[in-house]
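To start, the structure under review is shown below, and the notes come after it.
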Amino acid sequence: MAAHAAGDADEGNRRPQFGNRLLVDPSHVFRHNAWDSVEWTEEQEAAALRKVQENSLPLTADKQEEYESKARDYWDDFYKIHENRFFKDRHWLFTEFPELNPPRGGAAIQDGTADAEFPGCSATYRVLEVGCGVGNTVLPILQTNNDPGLFVYACDFSSTAVELLKAHPDYDASRCHAFVHDLCEEASSFPVPKQSVDVIILIFVLSALRPDKMAAALSRLARLLRPGGLILLRDYGRYDMAQLRFKKGRCLAENFYARGDGTRVYFFTQDELDGLLTQAGLTRVQNVVDRRLQVNRGKQLKMYRVWIQCKYQKPPGAAHLYQV
Numbered sequence: 399m400a401a402h403a404a405g406d407a408d409e410g411n412r413r414p415q416f417g418n419r420l421l422v423d424p425s426h427v428f429r430h431n432a433w434d435s436v437e438w439t440e441e442q443e444a445a446a447l448r449k450v451q452e453n454s455l456p457l458t459a460d461k462q463e464e465y466e467s468k469a470r471d472y473w474d475d476f477y478k479i480h481e482n483r484f485f486k487d488r489h490w491l492f493t494e495f496p497e498l499n500p501p502r503g504g505a506a507i508q509d510g511t512a513d514a515e516f517p518g519c520s521a522t523y524r525v526l527e528v529g530c531g532v533g534n535t536v537l538p539i540l541q542t543n544n545d546p547g548l549f550v551y552a553c554d555f556s557s558t559a560v561e562l563l564k565a566h567p568d569y570d571a572s573r574c575h576a577f578v579h580d581l582c583e584e585a586s587s588f589p590v591p592k593q594s595v596d597v598i599i600l601i602f603v604l605s606a607l608r609p610d611k612m613a614a615a616l617s618r619l620a621r622l623l624r625p626g627g628l629i630l631l632r633d634y635g636r637y638d639m640a641q642l643r644f645k646k647g648r649c650l651a652e653n654f655y656a657r658g659d660g661t662r663v664y665f666f667t668q669d670e671l672d673g674l675l676t677q678a679g680l681t682r683v684q685n686v687v688d689r690r691l692q693v694n695r696g697k698q699l700k701m702y703r704v705w706i707q708c709k710y711q712k713p714p715g716a717a718h719l720y721q722v
């Protein structure tokens with residue numbers, strides 16, 4: 399369950415940390431393909447709100463339930479069609495999230511798993527990506543860091559995506575464990591013990607869940623983090639271009655839509671994400687809006703993108719809060 403057509407497929411393969419290219423003179427807008435930290439005018443905000451309100455009538459309850467019950471089928475179909483050709487590898491993540499490239503040769507941390515047997519049980523640094531798709535994050539992590547103490551877990555809702563990842567020539571079962579997992583299913587188990595993971599990655603994934611299931615999903619993930627561990631999240635922000643492009647008849651609930659292929663997407667505010675992550679017992683390290691103006695210089699088009707980037711930490715010494 400990776401990002402979709404209007405998500406990180408547009409972000410590019412490598413880029414500097416966001417916020418570095420500022421549009422000072424509006425007449426220079428078409429000199430580059432993208433500008434960072436673009437402030438919206440009150441008129442733009444009002445126009446975006448009107449556009450969203452025009453398409454705010456939700457589909458019937460039966461239709462909404464159909465999208466929910468067939469969610470796995472829609473994602474499987476997506477990967478059967480696109481395989482590993484749709485998304486670019488996310489090398490830019492190492493700039494935004496240096497925690498994905500930890501110091502080599504780190505000392506083992508006592509987390510109570512020394513005598514346990516599970517994939518990666520001898521690792522000194524464990525990373526879990528939820529919604530791994532075909533490996534556009536996992537594979538760059540493995541390629542970039544050859545530290546034998548690093549172990550990466552990768553799960554996805556789609557069995558087709560997981561099979562494609564495992565079939566990739568760079569997939570190494572001695573350093574990575576890919577598995578199918580339904581984040582919304584409480585009975586769906588993880589292959590790692592609670593409080594054993596250093597970093598959990600959610601890149602354009604939480605937005606694919608039904609809003610009323612997001613809080614429980616994040617709480618399940620928080621239990622996997624060791625004290626001091628981090629959730630790294632990047633997702634769609636309110637009034638992103640992708641939201642404003644939805645036509646009537648695609649709205650499932652407020653700010654929640656069905657794409658033409660049946661996959662779904664929610665558009666967040668900073669406060670919503672902060673509430674969800676703090677409710678899961680995590681503390682804010684970073685919660686920023688990445689407002690970017692992308693331009694098509696050939697067609698003289700302006701495209702306003704809105705993403706939210708978060709880092710939230712499990713408080714050191716909070717182990718007793720996550721035993722259940």
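My numbering numbers the first residue of the sequence shown as 399 and each following residue consecutively.
All C-beta atoms in this analysis are idealised placements derived from N, C-alpha and C, irrespective of residue type, glycine included.
Task: Local conformation of R662 per DSSP, three classes - done: strand
Open item on the list: Tell me which residue opens and which closes the alpha helix (DSSP H) that F492 is part of.
Closed with: 491-494
Open item on the list: Quick check: what's the CA-CA separation for S454 versus L619?
Closed with: 31 Å
Task: Cα-Cα separation between A606 and G529, rounded to whole angstroms - done: 10 Å
Task: Simplified DSSP state of F516, which is helix, strand or coil - done: coil
TODO: Can you give me the start and stop residues for the beta strand (DSSP E) that E440 sits inside?
DONE: Counting along the chain, E440 falls outside any beta strand (DSSP E), though it belongs to the alpha helix (DSSP H) covering 440-452.
- [ ] Please name the residue, chosen from L562, Q707, L691, that lies closest to Q684 on a Cα-to-Cα basis.
- [x] Q707
Open item on the list: Less than 8 Å between the C-beta atoms of Y551 and D596, yes or no?
Closed with: no
TODO: Please confirm whether L650 and R636 have their CB atoms less than 8 Å apart.
DONE: no
Task: Rounded separation between H579 and E441 - CA only - done: 43 Å
Open item on the list: For a test of the three-state rule: what should DSSP assign to D688, helix, strand or coil?
Closed with: strand
Task: Contact between the region 579-594 and the region 610-628 (3+ Cβ pairs under 8 Å) - done: yes
Open item on the list: DSSP has R682 in a bridge; who is on the other side?
Closed with: Y710
Task: Residue span of the beta strand (DSSP E) that contains Y465, given as start and end - done: It is not in any beta strand (DSSP E) - Y465 instead sits in the alpha helix (DSSP H) that spans 459-467.
- [ ] Take F492 as the anchor and find which of N534, E466, D460 has the nearest alpha-carbon.
- [x] N534
Task: Test item: CB-CB of G660 and K468 under 8 Å - done: yes
- [ ] Could you have a look at G673 and say whether DSSP puts it in helix, strand or coil?
- [x] helix
Task: Distance between L548 and P625 (C-alpha atoms, nearest Å) - done: 18 Å
Open item on the list: Please report the distance separating the alpha-carbon of Y634 from that of I601.
Closed with: 10 Å
Task: Where the beta strand (DSSP E) through R618 begins and ends - done: No beta strand (DSSP E) holds R618; the alpha helix (DSSP H) holding it covers 612-622.
Task: Cutoff 6 Å; reference Q508; Cβ partners in own chain excluding five residues on either side - done: Here Q508 scores only 49 on pLDDT, less than 50, and its place in the model is too uncertain to base an answer on.
Task: Buried versus exposed call for T458 [16 or more other C-beta atoms within 10 Å across all chains shown] - done: exposed
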